[in-house]
Amino acid sequence: MSHRLKVGVDFGTTFSGVAWNFTGAQEDVIIIREWPGHRWLQALRSSDKVPSEIVYDSLGEVSKWGFQIKTGEERLAWIKLLLEPTKYISNNRTINSTRSLIFDQNTKEPVDVVADYLTCLRKHAIHCIQNTYGKAFVDATPIDYILTVPAIWSDNAKELTLQAAETAGFGDRTTLQLVSEPDAAAAWTLLRDLKSNFLQINDAFVIVDCGGGTVDLISYQVTETSPNITVKECAAGTGGLCGSTFLNGNFENMVRSRLGRRFEALSPRKRNDIMKKFEEELKRNFTDSDDDDEIYCPVGGIPDDPIAGIDGGDLIITREEMKEIFDPVIDKIIPLVENQVRNVEAKSSQGLRLTSILLVGGFGSSKYLLKRIEKEVRRADMSPIEIIQPANAWSAVARGAAIGLRISTRTSRRHYGTVCDVPFIHGKHPVGNLYKCPFTGIMYCANTMAWFINEGNEVSEEKPISLRFFHTARTDMPMMFTTELYAAEMGPAPSYLNSPINPARILCHLESDLSMLPTSEFTKRMGLDSQEYYEINLEFVLTMKSAMILTFEQMFKGKRYGCVTAKYSLV
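Per the numbering used here, residue 7 is the first one in the sequence shown, and the count goes up by one each step.
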């Protein structure tokens, strides 16, 4: 069968979406709109996505997920952010509530909870696809899953995401791929929404993907328009934890301040109703127009109180109060957008033309966010930039993941390198790094960094990078080779591992099984310790993919000998 089924999965902080597409029919993307337990919502809003929430029973089994969970029912929410322990806000009520429930109710780790949720998502997606094409056809069709992650996700968080997806039945890493959320959003907006707008070579766009937890930004330059649109990154991606869920936190703090103990006295169901009103209506409809001078939010039958601003069972929220909810979050987004614009404009001498800023994601549909960016983000000459909110912005990531976009090169966001030993030169190398090789007796400088990718380098998937190693191993010892891959960011790459300025950190441990190689082709030598050693010239081939995912293959004398295992330090 020539066709493969591509299933794009946008696992979000608050909502998740799934779309699919056959690779032979690139533009025929189908988004799932039917979800278990959602029918009562059809009259209220689109169901392009399902809540990223899950409930367990007393035995630790999944009992409900998504729209099946009733208002006020205790649930695990924001589970995605628990995969990124170095970045989530520790004093956030929702995150802390989820952590407490995981600890109190079962022995599952966050990665297990994510796996359970993704299992529900995958099973429902397959059910929908089978309803469309038939079970026999789907069973006979190879499926590739494309799971999206924030561009700012750490390598540890990406590894945990892959582990959860594999546990959830998304296949192994030959059929499972991680793609950055802005890459997926760009695929949808450029190939579908902007295709008819006469894209030209050297046109540049800033993608601002505003989701629930994160905001990711990345800029692309059109390099080819025929036969297919091809782009390359023209500015390294950036982002931050400033998604729309932080509006919810600000709103809740405001309500608590206004209502005092009366808010705590409300039942969980009524408190949830207040937050739901903000999530589904107030947050989405705020524009900072005259119509927003007074906004009404039902507060569960609390008696009228002119001082607290409660009238007729509604909490009256002023326009200025709504801006106080939005502005602290948007104030973090604006500098990110300005920085991307500056970085793109810095390359105008290379022929780039910044044509527009594209706002995607649920928060990207906010008219108030649009208004702020239009007002405050300008070109260097202070001329305005066109701001576009594409159709289907909320589901653009899932749709784009199912399409894919040809990205010729990516811009590295950090330095990548390994530690090596080089012949010691007095006066050049630090004496503290001097050591004598027990095998050859040669004096070496230890802990010297060899950087093979530098921050800002353009890296192509079609041009893998070769890492060469010289390894000596006793002939009577297990034939395993282990080394560390290091990274450094935000400044010049250090020359030595123990450099006090911008020190390198271990990114992952690389392991390869040398027993797969033809030992008859190794060179044998006798060491100074009278032990017999192999001398092995190894080569690892590195490819950088979307979301800065690194893959490695082992080479020896021009032949491939399997994959190299990368083990990340999961913290």
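Ideal placement from N, C-alpha and C gives every residue a C-beta, glycine not left out.
{"query": "For the structure I just gave you, are there three or more beta carbon pairs, one from the stretch 132-140 and one from the stretch 374-393, closer than 8 Å?", "result": "no"}
{"query": "Tell me the DSSP secondary structure of R198 in three-state form.", "result": "helix"}
{"query": "What distance in whole Å lies between the Cβ atoms of N27 and I409, which are believed to be in contact at a cut-off of 8 Å?", "result": "6 Å"}
{"query": "How long is the line joining the alpha carbons of Q48 and I75, rounded to whole angstroms?", "result": "Its pLDDT being 48, under 50, Q48 is placed unreliably by the model, and nothing is read from it."}
{"query": "Are the stretch 258-278 and the stretch 298-317 touching, with three or more C-beta to C-beta distances below 8 Å?", "result": "yes"}
{"query": "For P429, which beta-bridge partners are listed by DSSP?", "result": "Y450"}
{"query": "By the DSSP assignment, the alpha helix (DSSP H) with S263 in it spans what residues?", "result": "251-265"}
{"query": "Given N278, which residues of its chain have a CB within under 8 Å of its CB, disregarding the five upstream and five downstream residues?", "result": "T77, G78"}
{"query": "Assign N137 to buried or exposed, taking buried as 16 or more other Cβ atoms, counted over all protein chains shown, within 10 Å of its Cβ.", "result": "exposed"}
{"query": "What does a CB cutoff of less than 8 Å around A191 pick up in its chain, not counting 5 residues either side in sequence?", "result": "I213, D215, L364, V366, G367, A402, V403, G406"}
{"query": "Is the separation between the beta-carbon of L196 and that of V237 shorter than 8 Å?", "result": "yes"}
{"query": "In chain order, what residues of the same chain have a beta carbon less than 8 Å from the beta carbon of S371, not counting five sequence neighbours either side?", "result": "R290, L365, Q395, A399, W400"}
{"query": "Identify whether I393 lies in helix, strand or coil by the three-state DSSP scheme.", "result": "strand"}
{"query": "Are there 16 or more other CB atoms within 10 angstroms of the CB of D54, so buried, or fewer, so exposed?", "result": "buried"}
{"query": "When the Cα of M496 is compared with those of Y422, I555, I413, which residue comes out closest?", "result": "Y422"}
{"query": "When you compare the CB positions of G18 and K86, do they come within less than 8 Å of one another, or not?", "result": "yes"}
{"query": "Alpha carbon to alpha carbon, how far is A553 from T167? Give it in angstroms, no decimals.", "result": "12 Å"}
{"query": "In chain order, what residues of the same chain lie with their CB nearer than 7 Å to the CB of L513, ignoring the 5 residues before and after it?", "result": "D161, L491, Y492, A493"}
{"query": "Can you have a look at K12 and say buried or exposed, based on whether 16 or more other CB atoms are within 10 angstroms of its CB?", "result": "buried"}
{"query": "Taking the straight line between their C-alpha atoms, what separation do you get for D535 and Y567?", "result": "31 Å"}
{"query": "What do you reckon, are the CB atoms on V570 and E517 nearer than 8 Å?", "result": "yes"}
{"query": "The alpha helix (DSSP H) spanning K338 covers which residue range?", "result": "325-351"}
{"query": "G564 and P444 - do their beta-carbons sit closer together than 8 Å?", "result": "no"}
{"query": "Please return the same chain residues whose Cβ sits closer than 7 Å to the Cβ of A174, not counting the five positions on each side in sequence.", "result": "A121, L124, T125, R128"}
{"query": "Can you give the Cα-Cα distance for T361 and L376, rounded to whole angstroms?", "result": "16 Å"}
{"query": "Quick check: what's the CA-CA separation for L411 versus E230?", "result": "12 Å"}
{"query": "Could you check if V228 is buried or exposed, using at least 16 other CB atoms within 10 Å of its CB as the buried criterion?", "result": "buried"}
{"query": "For E172, which residues in the same chain have their Cβ closer than 7 Å to its Cβ, ignoring the five residues on either side in sequence?", "result": "D178, L182"}
{"query": "What did DSSP end up calling N27 once you bin it into helix, strand or coil?", "result": "strand"}
{"query": "What are the boundary residues of the beta strand (DSSP E) that F476 is part of?", "result": "471-480"}
{"query": "I'd like to check one pair, V119 with L82: are the Cβ atoms closer than 8 Å?", "result": "yes"}
{"query": "Can you tell me where the alpha helix (DSSP H) with A171 in it begins and where it stops?", "result": "161-173"}
{"query": "Does DSSP classify N208 as helix, strand or coil?", "result": "coil"}
{"query": "Quick check on the DSSP output: what are the complete beta strand (DSSP E) runs of length 3 or more inside the stretch 259-304, in order along the chain?", "result": "300-304"}
{"query": "Among A142, A170, T180, Y139, which has the Cα closest to the Cα of D150?", "result": "T180"}
{"query": "Roughly how many angstroms separate the alpha carbons of P436 and T424, rounded to a whole number?", "result": "18 Å"}
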